[in-house]
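Enquirer:
Residue numbers (the numbering used here): 23 to 476.
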């Protein structure tokens, strides 16, 4: 099926913008660039050629210097007026670009687009030859069609292409999407990055949904797009009520709340504060001020056990294709209530494949995936810190995640909105399962991490 013209034009603009702004994207595309260009539109090939020449000379994308490059080119060009005008429109619009896409997504997009251009050109040439009964020549054109080596399925040549080296050390796109205060922020570091998959782990009735909503809100405040999927444990009203409480930090009903104020050596000190009930309009307005745009958060609720990872992935495809919207972070509330994958009958195999699919989702979508899972009954009997042995369902969950985050709560801590946070099955950086950070917050205002201390 042909790509619609307007969608195709959006692809061209996104790819060129990535080339102009992002060093890793620019270097990878320049490594595949040909003298004739890789786009269909002449104006796009001219801009791409300018960028490629600048990168080969200076080792950096042109960014703000592109206008000067265009001015030098325009003074001596014989290009048609419509080509010059198209470039001017692109230069004018590039300054209005809002949310920046991940380099990996842009390279996937570039790979699909350039290969489509190359395939369409080969098919057209082969058809023309075939129409003149030059069948052998037509077949040869198709057989010699070469793939543009970008995006999914591309091989890398570290000695030939600096792009993967630049991507590996690109700190701009390696920053954490969710930021926590105090020692908990230091404890997590920059772990919450794209293409990673984490899960909160906690006993029943420990506020896992509150933790997930809080995590989503922290990502939104950090200028990320978030897709939040409720897979059956709540509904839209529950979600918006909890989100309003978290955003405004006011309880559902007016009451005296205990808010953490300071730390002693052993535990936090709480201060009683009377707070008015949450107001929907006030919360809505604050949410607008705190988040990057009206479309930054997308929420979907489905009945219990009806939404699978495949369904979710297909929906994200529709959002990308029809509305040009992609999540930086996908939050699933929560993995244990998702529909099992089709064709898998054994219950334990269903759990394993669901967690494998969530890991693939983070890799394929170049996004962060966060969910939650419940501990086994062993955690209730033993106490202490949660670890690998406290899995419920199947232990291979631990193998598929980038890390598990234990929410350790005794009865006395639960009553005071306190917890000890540890991490295990951790893939990034040094850690010990015996290390933890104390956190204090207020369940009444939906924020369990107002203060933290090691």
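Backbone N, C-alpha and C fix where the C-beta goes; we use that ideal spot for every residue, glycine too.
1. Let me check one thing: in DSSP terms, what residues is residue 440 bridge-paired to?
2. Out of 354, 75, 227, 425, which has the shortest C-alpha to C-alpha gap to residue 437?
3. Which residue spans inside the region 322–385 form an unbroken beta strand (DSSP E) run of at least 3?
4. I'd like the list of long-range same chain contacts for residue 38, defined as Cβ closer than 7 Å, with 5 residues on each side in sequence excluded.
5. What is the rounded straight-line gap between the Cα of residue 422 and the Cα of residue 219?
6. Give the list of continuous beta strand (DSSP E) stretches no shorter than 3 residues that lie fully inside the region 251–313.
7. For residue 320 and residue 149, what's the separation of their Cα atoms in angstroms?
8. Quick check on this structure: which residue in 424, 229, 308 has the alpha carbon closest to the alpha carbon of residue 392?
9. Please say whether residue 314 and residue 297 have beta carbons closer to each other than 7 Å?
10. Per DSSP, which residues does residue 108 bridge with? Please list them.
11. May I have the straight-line CA-CA distance separating residue 460 from residue 86, to the nearest angstrom?
12. Can you tell me where the beta strand (DSSP E) holding residue 92 begins and where it ends?
13. Within the same chain, show all residues whose beta-carbon is closer than 7 Å to that of residue 453, passing over the 5 residues directly before and after it, in chain order.
14. Is there contact here, the region 31–51 with the region 129–138, by at least three beta-carbon pairs under 8 Å?
15. For the region 280–289 and the region 348–361, state whether three or more C-beta atom pairs, one from each stretch, are separated by less than 8 Å.
16. Just tell me which of 474, 73, 142 has its CA closest to the CA of residue 287.
17. Identify, in the order they occur along the chain, each residue of the same chain with its Cβ nearer than 7 Å to the Cβ of residue 384, setting aside the five sequence neighbours on each side.
18. Label residue 293 either buried or exposed according to how many other C-beta atoms from any shown protein chain fall within 10 Å of its C-beta, with 16 as the threshold for buried.
19. Put residue 29 into one of helix, strand or coil per three-state DSSP.
20. With 16 other CB atoms within 10 Å as the buried threshold, where does residue 45 fall?
21. Whole angstroms are fine: how far does the CA of residue 247 sit from the CA of residue 349?
22. Using the Cα positions of residue 337 and residue 361, report the straight-line distance between them to the nearest angstrom.
23. Mind the definition here: the region 164–179 touches the region 53–63 only if three or more C-beta pairs lie below 8 Å; say whether that holds.
24. On a CA-only basis, which of 233, 200, 417 is nearest residue 429? Give me that one, please.
25. What is the rounded straight-line gap between the Cα of residue 225 and the Cα of residue 370?
26. Count the other C-beta atoms from every protein chain shown that fall within 10 angstroms of the C-beta of residue 377, then say buried if there are 16 or more, exposed otherwise.
27. In the DSSP assignment, the beta strand (DSSP E) including residue 175 goes from what residue to what residue?
28. Taking the alpha-carbon positions, what's the residue 416 to residue 375 distance?
29. Straight-line CA distance for residue 465 to residue 322?
30. Would you mind working out which of 61, 191, 316 sits nearest residue 143, comparing C-alpha positions?
31. How would you label residue 265, buried or exposed, when you count the other beta carbons within 10 angstroms and need 16 or more for buried?
32. Quick one, which of 270, 289, 328, 311 has its alpha-carbon nearest residue 301's?
33. Nearest by alpha-carbon distance to residue 164: which of 231, 94, 146 is it?
34. Which of the three DSSP states, helix, strand or coil, is assigned to residue 85?
35. Quick check: the Cα distance between residue 431 and residue 443, rounded to an integer number of angstroms?
36. Quick check on residue 184: does DSSP put it in helix, strand or coil?
Expert: The structure says:
1. To locate residue 440, count along the chain shown from 1; it is residue 418. Beta-bridge pairing links residue 440 to 462.
2. For this step, residue 437 is matched to residue 415 along the chain shown. Here the closest residue by C-alpha is 227.
3. 351–355
4. As a first step, residue 38 is located in the chain shown; it is residue number 16 there, counting from the start. Answer for residue 38: 66, 69, 70, 112, listed in chain order.
5. As a working mapping, residue 422 is identified with position 400 in the chain shown. As a working mapping, residue 219 is identified with position 197 in the chain shown. Going by the C-alpha atoms only, they are around 8 Å apart.
6. Listed in chain order, the complete beta strand (DSSP E) runs (minimum 3 residues) inside the region 251–313 are 277–285, 290–297.
7. Taking the first residue of the chain shown as position 1, residue 320 is located at position 298. Taking the first residue of the chain shown as position 1, residue 149 is located at position 127. Spanning the two alpha carbons is a distance of roughly 45 Å.
8. In the chain shown, counting from the first residue as 1, residue 392 sits at position 370. Looking at the Cα atoms, 424 is the closest of the given residues.
9. If you number the chain shown from 1, residue 297 lands on position 275. If you number the chain shown from 1, residue 314 lands on position 292. It is not a contact, given that the beta carbons lie outside the stated cut-off.
10. Residue 108 sits at position 86 when you count from the first residue of the chain shown. The partner list for residue 108 (beta bridge, DSSP) is empty, contrary to what the question assumes.
11. Within the chain shown, numbered from 1, the residue matching residue 460 stands at position 438. Within the chain shown, numbered from 1, the residue matching residue 86 stands at position 64. Each residue's Cα considered, the two are about 46 Å apart.
12. Looking up residue 92 in the chain shown gives position 70. Run containing residue 92: none in the beta strand (DSSP E); it sits in the alpha helix (DSSP H), 88–98.
13. Locating residue 453 in the chain shown gives position 431, where the first residue counts as 1. Taken in chain order, the residues that qualify are 445.
14. yes
15. no
16. Start at 1 with the first residue of the chain shown, and residue 287 comes out as number 265. Among 474, 73, 142, the Cα nearest to that of residue 287 is on 474.
17. Along the chain shown, one-based indexing puts residue 384 at 362. The answer, listed in chain order, is 217, 218, 219, 390, 391.
18. The count along the chain shown starts at 1 and reaches residue 293 at position 271. Exposed, because fewer than 16 other Cβ atoms sit within 10 Å of the Cβ of residue 293.
19. Position 7 of the chain shown, counting from 1, holds the residue named residue 29. Unreliable positioning characterises residue 29 in this predicted model, as indicated by a pLDDT of 44, which lies under 50. The coordinate reading is nonetheless provided below. Shown here, residue 29 sits in a helix according to DSSP, grouped into three states.
20. For this step, residue 45 is matched to residue 23 along the chain shown. Buried, since its Cβ has 16 or more Cβ neighbours within 10 Å.
21. For the purposes of this step, residue 349 is taken as residue 327 along the chain shown, with counting starting at 1. For the purposes of this step, residue 247 is taken as residue 225 along the chain shown, with counting starting at 1. Rounded to whole angstroms, residue 349 to residue 247 spans 5 Å at the Cα level.
22. In the chain shown, residue 337 corresponds to position 315, counting from 1. In the chain shown, residue 361 corresponds to position 339, counting from 1. Residue 337 and residue 361: Cα-Cα distance of roughly 15 Å.
23. These segments touch.
24. Translated into positions along the chain shown, residue 429 becomes position 407. Considering only alpha carbons, the answer is 233.
25. Here residue 225 is taken as the residue at index 203 of the chain shown, counted from 1. Here residue 370 is taken as the residue at index 348 of the chain shown, counted from 1. The straight-line gap from Cα to Cα measures roughly 20 Å.
26. Against the chain shown, residue 377 aligns to sequence position 355. By the 10 Å Cβ count, residue 377 comes out buried.
27. Locating residue 175 in the chain shown gives position 153, counting from the first residue. Run containing residue 175: none; DSSP gives neither H nor E here.
28. Sequence index remark: in the chain shown, residue 416 carries index 394 (1-based). Sequence index remark: in the chain shown, residue 375 carries index 353 (1-based). Cα-Cα distance, rounded: 10 Å.
29. By one-based count along the chain shown, residue 465 stands at place 443. By one-based count along the chain shown, residue 322 stands at place 300. Distance between the alpha carbons of residue 465 and residue 322: 24 Å.
30. Locating residue 143 in the chain shown gives position 121, where the first residue counts as 1. Considering only alpha carbons, the answer is 61.
31. The residue given as residue 265 occupies position 243 in the chain shown. Burial check for residue 265: the Cβ neighbour count within 10 Å reaches 16 or more, so the residue is buried.
32. Against the chain shown, residue 301 aligns to sequence position 279. Comparing Cα-Cα distances from residue 301 to each of 270, 289, 328, 311, the minimum goes to 270.
33. Within the chain shown, the letter at position 142 stands for residue 164. Per the Cα distances, 146.
34. As a first step, residue 85 must be located in the chain shown, where it is residue number 63. Helix, per DSSP.
35. Counting from 1 along the chain shown, the entry for residue 431 is found at position 409. Counting from 1 along the chain shown, the entry for residue 443 is found at position 421. So the alpha carbons of these two residues sit roughly 9 Å apart.
36. Working through the chain shown from its first residue, we reach residue 184 at position 162. Three-state result, residue 184: coil.
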